Each structure stands twice: as C-alpha cells, then as structure tokens.
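Chains as they are written, first to last, in the numbering used here: chain X, 214 to 326; chain W, 49 to 163. First comes the structure, then the notes that go with it.
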Amino acid sequence: AQSVTQLDSHVSVSEGTPVLLRCNYSSSYSPSLFWYVQHPNKGLQLLLKYTSAATLVKGINGFEAEFKKSETSFHLTKPSAHMSDAAEYFCVVMWSSASKIIFGSGTRLSIRP
Amino acid sequence: GAGVSQSPSNKVTEKGKDVELRCDPISGHTALYWYRQSLGQGLEFLIYFQGNSAPDKSGLPSDRFSAERTGGSVSTLTIQRTQQEDSAVYLCASSLRAAGQETQYFGPGTRLLVL
C-alpha cells in the first residue's frame, strides 16, 4: 500500500541553525514528490517539487530537498532557519494518476529566537 | 495573475442544513482538486476534476458529499445534511492538467463550522 510518513510532528530549532524535516514514502512506483508550506491562517504554498529530473531540488526561501530512491526519502532542509520559516510543512506524494495523492500528516516547525 | 479563490471564507451552519462551497480556479487550469483539512484527519484528498469530469469519486467521505464543475471552470462542493464532524477547512487547488508532475496551486480555503 502507498503511504507517506513525516517522522516528526513538531521540530523546534534556533534561528540561524539548520532545519531538517523528514519524509519517507512507500511505493512500488516512482512518484512525484512535493513539499508545501502553510503559514498560520494562510493557504498552502508550493516550496519545491521532484519529478524525476535532478535528485537535489532547490525551492523557494532557501529550502532544498534530496530524493533518495534507495531510502525512499525526500527530506527537506535549509542551512539557516529564519523566524519567518515558522509554519506547518507537508510532504505530498502523487502518482501518475491524479487521484493517487497522499499528504503526510505535517510537521510544525518552530523557530526559537 | 489571480490565484485560486474560494467562497465563502467562513461558514457557520446548523447541523442538518445543506452548504455549498465554491472554488474559482486559475484561468486556463483544466484540473481542479478538493481537499479537507481537519484536526483529526490531517489533509485529506476528496475529489478531482479533469475538465468537467470527475474520474474518481471514491475519496468523498459519504454520499452526503457531492461536487460538480461546469464550463471547465468554477466548481461547487455541496454537503447535504451537515454533521458536526464535517467541520473542517475545505481547500481547493488547480493545476494546468491532472498529471502527477503538475504543481497544484491552492486557494485560501473555506472554514466550515457545523454547530
């Protein structure tokens, strides 16, 4: 069965330190992978996506993610956290059929001053 | 350009009433998606349209839920005989076409509260 797992429900880091948000998926097929961010009382915004091109994907606001097929992972990273990064982050996996879309449970990122 | 818009932004209704939620996709986007975000269920895919057709309705939580899209543009999600567990944020998204690699652009959502 296809599934998406965000390993941490809450991550807290200090401003200026690295961010790591983890996402693993299980599937027999190569999917398209996305990270979306949702700021409080705002809609979902695309951060980056992987669609079988380069395995290291760069997104907006300094975020990037690396697709590792052997580990079925698509972890989101940022070298230096900023206060404005505080939000909920969703890992999304989509297969060739648009009806096969699964969202992870989300990771809430908090930034300490 | 204009993004995805949804109306109303907030809706409070009494249990048992019907509600209709509207989504205006980005102009030119042929695919439209409905999601529900609730505390207990996270973000849940409901249904998608390619043009005016909904190939897969299995994500709708019950037969009280229905959706339609006319003219390849606006879509309405209707919930009949609302229940308290229907309280959630209903999100709409659109993309150029319904394919795995297409980016979806989300609207701000409709917050539904069923009393």
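We put the beta carbon where it would ideally sit given N, CA and C, even for glycine. What you are looking at is a predicted structure, and each value in this text was computed from that prediction instead of being measured.
Asked                                                                                                              : Found
Residues in the segment 130-163 of chain W having any Cβ partner in chain X nearer than 9 Å                        : Leu139, Ala141, Ser143, Arg145, Ala146, Ala147, Gly148, Gln149, Glu150, Thr151, Gln152, Tyr153, Phe154, Gly155, Pro156 and Gly157
Contacting residues, own chain, Cβ-Cβ under 6 Å from Phe113(W) (five flanking each side not counted)               : Ile127
Rounded distance between the beta-carbons of Gln54(W) and Gly183(W), thought under 8 Å                             : Nothing about residue 183(W) can be reported from this structure: the residues present for chain W run from 49 to 163 only.
Identified DSSP bridge partners for Arg145(W)                                                                      : DSSP lists no partner for Arg145(W).
Closer than 8 Å: Gln85(W) CB and nearest the ligand NAD heavy atom                                                 : Absence of the ligand NAD from the depicted structure is noted, as is the absence of any ligand whatsoever, leaving it without description.
Whole-angstrom distance between Thr124(W) and Gly317(X), CA atom to CA atom                                        : 26 Å
Neighbourhood of Thr118(W) by C-beta, 8 Å cutoff - its chain only, sequence neighbours within 5 removed            : Asn100
Cutoff 7 Å; reference Arg70(W); Cβ partners in own chain excluding five residues on either side                    : Gln54, Ser55, Val122 and Thr124
Chain W contact for Ser216(X) (CB, 9 Å cutoff)                                                                     : no
CA-to-CA distance, Cys236(X) to Glu301(X), given in whole angstroms                                                : 14 Å
Stretch pair the segment 249-260 of chain X + the segment 59-78 of chain W: three plus CB contacts closer than 8 Å : no
When Leu246(X), Ser239(X) and Gln251(X) are compared against Asp298(X), the one with the closest alpha-carbon      : Gln251(X)
Segments assigned alpha helix (DSSP H), at least 4 residues, entirely inside the segment 58-142 of chain W         : none
Boundaries of the beta strand (DSSP E) in which Ser265(X) is found, first to last residue                          : Looking at the DSSP string, Ser265(X) is not in any beta strand (DSSP E), and its letter there is neither H nor E.
Candidates Ile315(X), Ile324(X), Pro326(X) and Ser323(X): closest to Gln219(X) by CA position                      : Ile315(X)
Proximity to Thr151(W) [Cα-Cα], best of Gly272(X), Met296(X), Tyr238(X) and Ser222(X)                              : Gly272(X)
Nearest residue (CA-CA) to Glu92(W), options Pro231(X), Lys291(X), Ala267(X) and Gly319(X)                         : Gly319(X)
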